[in-house]
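J.: Below is one structure. I have some questions about it.
Protein chains in written order, with the working numbering: chain A, 1 to 116; chain B, 117 to 227.
Structure follows, in structure tokens:
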């Protein structure tokens with residue numbers, strides 16, 4: 001039973017390029033969350049998605065960032081025209097759909113973006 | 117003892133001693149709480165959770181205490197081992213909402 005799978009694990013981009021980070025949730029999980037983490041800091045919420053729906057994107061920057069979780073395939077976090085300040089670890093987490101209460105949140109190993 | 121570094125507070129304990137890591141949460145409506153352990157270069161790992169209808173829950177060597185009156189959560193680790201060295205985060209959630217994480221505490225286990 002594979003866990004949350006993220007790829008690439010490491011990504012290097014030059015300023016102005018695009019970064020695409022992929023996340024496959026655990027089998028049976030229908031909720032996906034993306035978090036950003038700077039070195040020596042905590043996890044900052046970005047976006048919460050269910051299949052084909054964005055539930056909460058209050059943590060996403062208004063420009064250059066977008067996320068999707070299509071009916072088929074992984075969730076994608078897309079960063080357009082990257083800048084040095086986008087360098088961070090981006091973690092994806094998934095949880096099951098549990099009627100009546102919030103399910104456990106399981107994390108992938110992260111994608112580390114470096115912008116040159 | 118405890119000290120505040122540039123970003124993360126650090127708790128240093130002797131191997132074999134018990135550790136207590138504290139977390140103040142912000143939303144009185146949160147009804148689900150999780151403690152995570154994050155080792156360097158890895159993703160957060162689930163340790164233990166607790167729902168708001170409980171005030172204590174025990175796992176293997178770990179205990180989580182919840183005090184809803186003062187919005188405080190703690191993680192107790194018994195007989196701390198070198199492998200427990202990591203950053204520990206608490207997370208809170210309200211049903212249907214996203215998880216909000218605390219700032220984290222670095223646990224350093226001294227030989």
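Using N, Cα and C, we set each Cβ at its ideal position, and we do this for glycine too.
Nearest to residue 214 of chain B by alpha carbon, out of A:16, A:24 and A:33?
T.: The residue you call residue 214 of chain B lines up with position 98 of the second chain. Answer by Cα proximity: A:33.
J.: If the cut is a Cβ gap below 7 Å, which residues of chain A does residue 214 of chain B touch?
T.: The residue labelled residue 214 of chain B in the question sits at position 98 within the second chain. 33, 45, 48 and 56, listed in chain order.
J.: Considering only DSSP beta bridges, list what residue 5 of chain A is partnered with.
T.: Walking along the first chain from the start, residue 5 of chain A turns up at place 5. Answer is A:24, bridged to residue 5 of chain A.
J.: Enumerate, from N- to C-terminal direction, the unbroken beta strand (DSSP E) stretches of 3 or more residues contained entirely within the region 193 to 218 of chain B.
T.: With a minimum length of 3 residues, the continuous beta strand (DSSP E) runs that stay inside the region 193 to 218 of chain B are 202 to 209.
J.: Can you find a C-beta in chain B that's less than 8 Å from the C-beta of residue 105 of chain A?
T.: To locate residue 105 of chain A, count along the first chain from 1; it is residue 105. Taking Cβ atoms only, chain B reaches closer than 8 Å to residue 105 of chain A, which makes this a yes.
J.: Going by alpha carbons, who is nearest to residue 178 of chain B out of B:160, B:140, B:186 and B:190?
T.: Position 62 of the second chain, counted from the start, is the residue given in the question as residue 178 of chain B. Checking every option, the nearest Cα to that of residue 178 of chain B belongs to B:190.
J.: Just the chain A side, please: which residues come within less than 7 Å of residue 163 of chain B by C-beta, in chain order?
T.: Here residue 163 of chain B is taken as the residue at index 47 of the second chain, counted from 1. The contacting residues do not exist; residue 163 of chain B stays about 11 Å from chain A at best.
J.: Is residue 147 of chain B helix, strand or coil when you go by DSSP?
T.: As a position in the second chain, residue 147 of chain B is number 31, starting the count at 1. If DSSP states are grouped into helix, strand and coil, residue 147 of chain B belongs with coil.
J.: Just the Cα atoms here: how many angstroms apart are residue 68 of chain A and residue 75 of chain A?
T.: In the first chain, the residue the question calls residue 68 of chain A occupies position 68. In the first chain, the residue the question calls residue 75 of chain A occupies position 75. Whole-angstrom Cα-Cα distance: 6 Å.
J.: Please classify residue 25 of chain A: is it buried, with 16 or more other beta-carbons within 10 angstroms of its beta-carbon, or exposed?
T.: Taking the first residue of the first chain as position 1, residue 25 of chain A is located at position 25. When all chains shown are included, residue 25 of chain A counts as buried.
J.: How big is the Cα-Cα spacing for residue 185 of chain B and residue 137 of chain B?
T.: Start at 1 with the first residue of the second chain, and residue 185 of chain B comes out as number 69. Start at 1 with the first residue of the second chain, and residue 137 of chain B comes out as number 21. Rounded to whole angstroms, residue 185 of chain B to residue 137 of chain B spans 18 Å at the Cα level.
J.: So that I know if they touch, is there some Cβ in chain B lying closer than 8 Å to that of residue 73 of chain A?
T.: Along the first chain, one-based indexing puts residue 73 of chain A at 73. Not an interface residue.
J.: Quick one: list the residues of chain B neighbouring residue 69 of chain A, beta-carbon separation under 9 Å, in chain order.
T.: Residue mapping note: residue 69 of chain A aligns to position 69 of the first chain, counting from 1. Near residue 69 of chain A there are no residues of chain B at all, since even the closest Cβ is about 14 Å away, more than 9 Å.
J.: Does any residue of chain B have a CB that is nearer than 8 Å to the CB of residue 40 of chain A?
T.: Counted from its first residue, the first chain places residue 40 of chain A at position 40. At least one chain B Cβ lies under 8 Å of residue 40 of chain A.
J.: Among the residues of its own chain, which have a CB less than 6 Å from the CB of residue 16 of chain A, if the five just before and after it don't count?
T.: Within the first chain, residue 16 of chain A is the residue found at index 16, counting from 1. Around residue 16 of chain A: 81.
J.: Report yes or no: is there a C-beta of chain B within less than 8 Å of the C-beta of residue 52 of chain A?
T.: Reading the first chain from its first residue, position 52 is the one you call residue 52 of chain A. Not closer than 8 Å to any Cβ of chain B, the Cβ of residue 52 of chain A fails to qualify, so no.
J.: Is it buried or exposed for residue 135 of chain B, if we count other Cβ within 10 angstroms and need 16 for buried?
T.: As a first step, residue 135 of chain B must be located in the second chain, where it is residue number 19. Residue 135 of chain B comes out buried.
J.: Taking the beta carbon of residue 82 of chain B as the centre, do at least 16 other beta carbons fall within 10 Å, making it buried, or is it exposed?
T.: In the structure displayed, chain B extends from 117 to 227; residue 82 of chain B sits before or after that span and is not available.
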